[in-house]
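**Q** If you read the sequences in order, they're chains R and H.
Per our numbering, residue -11 is the first one in the first sequence, and the count goes up by one each step.
Per our numbering, residue 35 is the first one in the second sequence, and the count goes up by one each step.
Every residue gets a Cβ at the ideal spot worked out from N, C-alpha and C, and that includes glycine.
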Amino acid sequence: MLLTPAPTAPNSSESKMTSVEKKDKKPDDVAEEEEEEEEYVVEKVLNRRVVKGRVEYLLKWKGFSDEDNTWEPEDNLDCPDLIAEFLQSQKSAHEGKRKASSEGNGDENKSKKKKDDTEKLRGFARGLDPERIIGATDSTGELMFLMKWKNSDEADLVPAKEANVKCPQVVISFYEERLTWHSYPTEDEKKDDKN
Amino acid sequence: MPTKNVADDRISKFKNKGKDPAKLRDKRINECVELRKAHKDENFLKRRNITLSSLPDEEALSPDHVLDEKVNSLTIEDIIKEVNSDSRESQTRGCQAARKLLSRERNPPLKEIIDAGLLSRFVEFLGMDDEPTLQFEAAWALTNIASGTSWHTQQVVEHGAVPAFISLLASPLLHISEQAVWALGNIAGDGPAYRDALIDCHVIPALLARITPETPVGYLRNLTWTLSNLCRNKNPFPAVSAVQQMLPSLIQLLHLSDKDILSDACWAISYLTDGSNERIDVIVRTGIVPRLVALMGHEELSVLTPALRSIGNIVSGSDLQTQMVIDAGVLSVLPQVMRHPKASVQKEAAWALSNIAAGPCKQIQQVITCGLLPPLVELLRNGDFKTQREAVWAVTNFTSGGTVEQVVQLVQGGALEAIINLLQVKDAKTILVILDAINNIFMAAEKLGETEKLCLLVEELGGLDRIEMLQNHDNEMVYQAAHNLIEKFFNDDEIKELKVDTTDDAFVFQTSEAEKTFKF
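1) Assign H/L338 to buried or exposed, taking buried as 16 or more other Cβ atoms, counted over all protein chains shown, within 10 Å of its Cβ.
2) Excluding the 5 residues flanking H/V411 on each side, which residues of the same chain have their C-beta closer than 7 Å to its C-beta?
3) Residues in its own chain within less than 6 Å of H/E212 by CB, not counting five upstream and five downstream?
4) With a 10 Å radius around its C-beta and 16 neighbouring C-beta atoms as the bar for buried, classify R/T168 as buried or exposed.
5) Since H/T471 and H/T433 should fall inside the 8 Å C-beta cutoff, what is the C-beta to C-beta distance between them, to a whole number of angstroms?
6) Report yes if the CB atom of R/N139 is closer than 9 Å to the CB atom of H/E123, and no otherwise.
7) Report back the beta-carbon spacing between H/A217 and H/L264 to the nearest angstrom; my notes put them in contact at under 8 Å.
8) Once the 5 residues before and after R/Y163 are set aside, which same chain residues still bring their CB inside 8 Å of it?
9) By how many angstroms is the C-alpha of H/V401 removed from the C-alpha of H/P166?
10) Would you kindly work out how many angstroms separate the C-alpha atoms of H/V190 and H/E312, rounded to a whole number?
11) Would you identify the three-state DSSP class for H/F199, choosing helix, strand or coil?
12) Are the Cβ atoms of R/A88 and H/D308 separated by less than 9 Å?
13) Contact check, H/E373 vs H/P408 under 8 Å by CB: the rounded distance?
14) Taking the beta strand (DSSP E) that R/P147 falls in, what are its first and last residues?
15) Just how far apart, CA to CA, sit H/L135 and H/P142?
16) Which term fits H/D54, buried or exposed, when burial requires 16 or more other beta carbons within 10 angstroms of its beta carbon?
17) Would you report the Cα separation of R/L145 and H/H186, rounded to the nearest angstrom?
18) Assuming H/G435 is part of the beta strand (DSSP E), what are its boundary residues?
19) Near R/N54, which residues of its chain fall below 8 Å by C-beta distance, leaving aside the five closest residues on each side in sequence?
20) At which residues does the alpha helix (DSSP H) containing R/W169 begin and terminate?
21) Near R/M(-11), what residues of its chain come up, given a Cβ to Cβ distance below 6 Å and the 5 sequence neighbours on each side ignored?
22) For the segment 54 to 68 of chain H against the segment 119 to 138 of chain R, are there 3 or more C-beta pairs whose distance is under 8 Å?
23) What's the call for H/H236, buried or exposed, on a 16-neighbour Cβ count within 10 Å?
24) Just the C-alpha distance for H/K533 and H/L495, rounded to the nearest angstrom, thanks.
25) Which same chain residues end up closer than 6 Å to H/A462 when comparing Cβ atoms and leaving out the 5 residues on each side of it in sequence?
26) For the segment 150 to 164 of chain R, which residues have a beta carbon sitting closer than 7 Å to at least one beta carbon of chain H?
27) Count the other CB atoms within 10 Å of the CB of H/Q458; is the residue buried (16 or more) or exposed (fewer)?
28) Return yes when the Cβ of R/W59 is within less than 9 Å of the Cβ of R/E44, no when it is not.
29) Buried or exposed for H/F156, going by 16 or more other Cβ atoms inside 10 Å?
30) For the ligand COA, any of its heavy atoms closer than 8 Å to the Cβ of H/I63?
31) Can a CB atom of chain H be found closer than 9 Å to the CB of R/G129?
32) Can you tell me whether R/F133 is helix, strand or coil according to DSSP?
33) Using a 10 Å radius around the Cβ and a threshold of 16 neighbouring Cβ atoms, would you call H/D230 buried or exposed?
34) Apart from the five residues just before and just after H/G346, which ones in its own chain have a Cβ nearer than 6 Å to its Cβ?
35) In the DSSP assignment, find the alpha helix (DSSP H) that holds H/V441 and state where it starts and stops.
36) Nearest-angstrom Cα distance between R/M135 and R/A143?
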């Protein structure tokens, strides 16, 4: 009974087997195979013994009952994780060490995360292309531009420092549109220049 | 003065010349209004955490507002049309609308988007390096679909997203690369199968290549979280070769100070140490133990928790591994952790202590010397039940591996009294552990010829009554154990007579005798 490595399935301990479509194999299929090598999946290592100087492990086979458990020579096996788990359980029982309980505490960090719209994505982080700057303010202490973005109706503030680097032409247009030439004010021009 | 037309055109482009003052004033007023609005919006976003983009003002302030799909964003039908059109603009509009639906807080329509057959288009968009906006929207949309159930994640993977996302990791646009990191994190987090599939696609080197001194903190947070998912899950554990690849970077990340990065990096270590001693060895050989011990004392619960779990895992390993943790100073940090206001933290601390107490008497001595007995007894007395249960294990392990002298100190510290008081709990397993401890304590007493004294003490503490009652317990093992105790140590009738005279409050072993006669 040869065990050859294969891809592991998600939810159970399996020894590794090499051949192809292993994931779809069910225990029933295994019995029906004829000319191909028979390949079995180890579910758990239950015990260990030494026979004629060789180490053997008692194996529980996936899809088979405990009556079908067999002793296999260590060299035939390729399930190091399962063997390690068994050896560990032996050790802890003896020494009093207890591994973490398998039920997670519920404290663990999230396994999946959704990215919310309410993520404070503002300015360039929204990943949009600048269309034009429609205003400027420094009331925050830093010069900020009000940016209209392409493909969006929602304008928001970006730091001028960032805009100057990321879209200099847009910034230049903004300034050009608002350039004003100051000459020495005469009596007439003073009224015009007043904003 | 009249000017020429050409000059007029140019002049009219500059700020105030040649323009109607009334129009100019209106324009200024409008700009000011826009600026104030943007400012107000920004403040709203900070405080109320809602988007105002699709809501008219009154509705934005009403907490009960429900996003009306039809009015405020495209319907899925519209989205399908846009996404499937040939115009990049429409595709972007459609994809963005889908992204917004998928990002809303209440019931994002994951299944509807999948059923609309949009996934293949989104995956196509991922490959369009000349359309970064489209890439980004598609990446975000797919991220959120992959954040759902296993089925949702499966849909994303089966539409070929994985190679596309791995390529996107190398995007010169940081926000797109970061989105790919996030999406891959969701896929890896689904379970060991996808985790290993990603590893086989060489995701690890691609991720690690993104870590540079210039990488922004936000990016590193996402990256650390994704790495932690690649370390996560058992049956099977991730391959040791993959772990070895990730470890150096994890160690680097553990030396930063951002709490989110620290938290996820510690979770990664906690997953990697939750296994056989060989697995633990891989971790301790990196020399990260002192840093973990330090992080156990971190003020942020989100960092402390996984650091404590990691340490707890490591001390469940071999005596050598446990010694490394002791040498790193865990025994001076543990008392404050045992007094943490959160019950689950106390429990984990007690569990860690119970594993340290399961070591050789040399380590038990260190436990005593570093003053761990008083906080242990505190937990036995005042902890919540789950914590008490772990603390009881600590006592039993102590009595089983400790020298007679050490057991004496344990008793003098009040541990015996405390565990006797716990004999009334319902949990049979815990009762058995306590009876085991009492048995061990008696065996120590025997070595000193002080069994009678111990009997008296136990009786005074109300222990005899309780143990006698336990002989009627439902659980077979419990009544057997209780009975055995009584038989072995309490069978002299005289003891009951003596009860009246006794005034001894402390039970003292003659330690010098013990040392001479017995060697440990």
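**A** Short version:
1) By the 10 Å Cβ count, H/L338 comes out buried.
2) Apart from the 5 residues on each side of it in sequence, H/V411 sits with its Cβ closer than 7 Å to the Cβ of G447, G448, A449 and A452 in its chain, given in chain order.
3) The beta carbon of H/E212 is closer than 6 Å to those of Y253 and N256 in its chain, skipping five residues each way along the sequence.
4) It counts as exposed.
5) Here the sequence assigns Ala to residue 471 of chain H, which means Thr is not the residue at that position. Between H/A471 and H/T433 the beta-carbon gap is near 5 Å, inside 8 Å, which marks them as a contact.
6) Less than 9 Å divides the Cβ of R/N139 from the Cβ of H/E123.
7) Rounded to the nearest angstrom, the Cβ distance from H/A217 to H/L264 is 14 Å, too far for a contact under 8 Å.
8) So the list is empty, once near-sequence residues are dropped.
9) About 59 Å.
10) Their backbone Cα atoms lie some 35 Å apart in a straight line.
11) Under the three-state reduction of DSSP, H/F199 is assigned to helix.
12) Cβ distance < 9 Å, so R/A88 and H/D308 count as in contact.
13) Correcting the residue identity first, residue 373 of chain H is Arg in this sequence and not Glu. No, H/R373 and H/P408 are not in contact; Cβ-Cβ is about 10 Å, not under 8 Å.
14) For R/P147, the enclosing beta strand (DSSP E) covers residues D144 to P147.
15) Those two C-alpha atoms are separated by around 6 Å.
16) Exposed, by the Cβ-count rule.
17) Going from the Cα of R/L145 to the Cα of H/H186 covers about 36 Å.
18) Premise fails: H/G435 lies in the alpha helix (DSSP H), F419 to G435, not in any beta strand (DSSP E).
19) It is Asp, not Asn, that sits at residue 54 of chain R in the sequence shown. The residues are K48.
20) Judged by DSSP secondary structure, R/W169 falls outside any alpha helix (DSSP H); it is assigned neither H nor E.
21) Here R/M(-11) scores only 46 on pLDDT, less than 50, and its place in the model is too uncertain to base an answer on.
22) Touching, per the Cβ criterion.
23) Here H/H236 is exposed: its Cβ has fewer than 16 other Cβ atoms, across all protein chains shown, within 10 Å.
24) Per-residue confidence for H/K533 stands at a pLDDT of 43, beneath the threshold of 50, marking its modelled position as unreliable; the derived number appears in the next sentence. Each residue's alpha carbon lies about 12 Å from the other.
25) Counting only Cβ-Cβ distances below 6 Å, and skipping sequence neighbours, we find N509 and V512.
26) So the list is empty, because no residue satisfies the distance condition.
27) By the Cβ neighbour-count rule, H/Q458 is exposed, with fewer than 16 other Cβ atoms within 10 Å of its own.
28) Judged by beta-carbon spacing, R/W59 lies within the 9 Å limit of R/E44, meaning their Cβ atoms are closer than that value.
29) Note on H/F156: 16 or more other CB atoms within 10 angstroms of its CB, so buried under the neighbour-count rule.
30) Although the ligand COA was asked about, the structure shown includes no ligands whatsoever.
31) Cβ-Cβ to chain H under 9 Å: no for R/G129.
32) Reduced to three states, the DSSP call for R/F133 is strand.
33) Burial call: buried.
34) Excluding sequence neighbours, H/G346 sits near E382, W385 and A386.
35) Counting along the chain, H/V441 sits inside the alpha helix (DSSP H) bounded by residues V438 to Q446.
36) About 5 Å.
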